[in-house]
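Residue numbers for the sequence shown follow the working numbering, so the first one is 2 and each next one is one higher. Every residue gets a Cβ at the ideal spot worked out from N, C-alpha and C, and that includes glycine. Being a predicted model, the structure only gives us computed values, none of them experimental. Here the structure comes first, spelled out in structure tokens, and everything after it is commentary.
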Amino acid sequence: MIQYKTTSVWGPQGEQSMIRKSFLSLLGLISASTAQADWALNMPRGVTELSAETYDLHMMVFWWCVAIGVVVFGVMIISLIKHRKSTGAEPATFSHSTSAEVLWTAIPCVILLLMAVPAAETMIRLEDSRDPDVSIVVTGYQWKWHYKYQDEGVEFYSSLAKPSREARSKGAGIDPFTVENFLLDVDRPLVVPKGKKIRILLTSNDVNHAWWVPAFAIKRDAIPGLVNEAWFRAEETGTFRGQCAELCGKDHGYMPIVVEVVEPDAYQAWVETRNDSGAQVAQTETRP
Ligand SMILES: [Cu+2]
Numbered sequence: 002m003i004q005y006k007t008t009s010v011w012g013p014q015g016e017q018s019m020i021r022k023s024f025l026s027l028l029g030l031i032s033a034s035t036a037q038a039d040w041a042l043n044m045p046r047g048v049t050e051l052s053a054e055t056y057d058l059h060m061m062v063f064w065w066c067v068a069i070g071v072v073v074f075g076v077m078i079i080s081l082i083k084h085r086k087s088t089g090a091e092p093a094t095f096s097h098s099t100s101a102e103v104l105w106t107a108i109p110c111v112i113l114l115l116m117a118v119p120a121a122e123t124m125i126r127l128e129d130s131r132d133p134d135v136s137i138v139v140t141g142y143q144w145k146w147h148y149k150y151q152d153e154g155v156e157f158y159s160s161l162a163k164p165s166r167e168a169r170s171k172g173a174g175i176d177p178f179t180v181e182n183f184l185l186d187v188d189r190p191l192v193v194p195k196g197k198k199i200r201i202l203l204t205s206n207d208v209n210h211a212w213w214v215p216a217f218a219i220k221r222d223a224i225p226g227l228v229n230e231a232w233f234r235a236e237e238t239g240t241f242r243g244q245c246a247e248l249c250g251k252d253h254g255y256m257p258i259v260v261e262v263v264e265p266d267a268y269q270a271w272v273e274t275r276n277d278s279g280a281q282v283a284q285t286e287t288r289p
């Protein structure tokens, strides 16, 4: 017969200390995340018409699910309490109810249709990238992005910003919490004009990546040998951040996306300065 030691690390004492340690570290994690991170439970509403529509659809489906959950679990719980054995409930003897079966098939079908019609309308509009004002070829690299404005003659690489890169280095001794927008900042952001239709042509140079900017409701794969399309029209100026959303190798977490939405005049001025100096810089930049 096998004898188990009770004094090992997994024995009662060890177990207790393990539980205590886990509990304390969990408490630490919770307090750290509430103190440091600016997070939200729900998806953002975004700054484009389609991101707002996507958000509204998400909320509509969410409330449908809440209502269905309340009705189904409500009936279930009430039935369980009301017809419990201890109150002398007798089991019913029927085995079929055609009208109930028709009803519980028809109701979900109607609900699905109510969800599918507006969702399909939005999805068709999401795919309609015709007649853009600005077209940008976005290419994923391990581990940075390359942006090429098709008609403006501007192209450049966009890599993790220096402060983040330094802080993430092993043995750097820099507290990441002291770095502003740690891992969410780049050296050269994508600049686009407000109120204009921006078409993104997405591809990759090596492995699969994904260009994800929540404020524009865009999360699309960048696949080598394939061009995926997406578009947005930002209604607000500002800085919008995103990340690569496809596990693309060891530095997957270090290729953020930053998009600056500026007034059309400022955009024109930016294009002109990039044409003078930026394009040459982009051409002389070395690949990773
Ligand atoms: Cu990636």
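Asked: With C-beta atoms as the reference, is residue 141 less than 8 Å away from residue 229?; Found: no
Asked: Which residues share a DSSP beta bridge with residue 235?; Found: 49
Asked: Give the secondary structure of residue 85 by DSSP, where H, G and I count as helix, E and B as strand, and everything else as coil.; Found: coil
Asked: Quick check: the Cα distance between residue 95 and residue 101, rounded to an integer number of angstroms?; Found: 12 Å
Asked: Starting from residue 220, trace the beta strand (DSSP E) both ways and give me its first and last residue.; Found: 219-223
Asked: Three-state secondary structure (DSSP) at residue 229?; Found: strand
Asked: Along the alpha helix (DSSP H) that carries residue 268, what are the first and last residues, could you check?; Found: 265-274
Asked: Closer than 7 Å by C-beta to residue 112: which residues in its own chain qualify, once you throw out the five before and the five after it? Chain order, please.; Found: 65
Asked: Check whether the Cβ of residue 243 lies closer than 7 Å to any heavy atom of ligand 1, and answer yes or no.; Found: no
Asked: Taking 8 Å as the limit between beta carbons, can you name the residues of its chain near residue 190, skipping five residues before and five after?; Found: 159, 240, 259, 260 and 261
Asked: Excluding five sequence neighbours on each side, which residues of the same chain lie with their C-beta closer than 7 Å to the C-beta of residue 145?; Found: 158, 159, 160, 256 and 289
Asked: So is residue 110 buried or exposed if we call it buried at 16+ other beta carbons inside 10 Å?; Found: exposed
Asked: Compare the beta carbon distance of residue 188 and residue 149 with 8 Å and say whether it is the shorter of the two.; Found: no
Asked: Let's test the definition: count the other Cβ atoms within 10 Å of the Cβ of residue 104 and tell me whether it reaches 16, buried, or not, exposed.; Found: exposed
Asked: Which first and last residues belong to the beta strand (DSSP E) in which residue 111 is found?; Found: Element bounds for residue 111: not the beta strand (DSSP E) but the alpha helix (DSSP H), 99-128.
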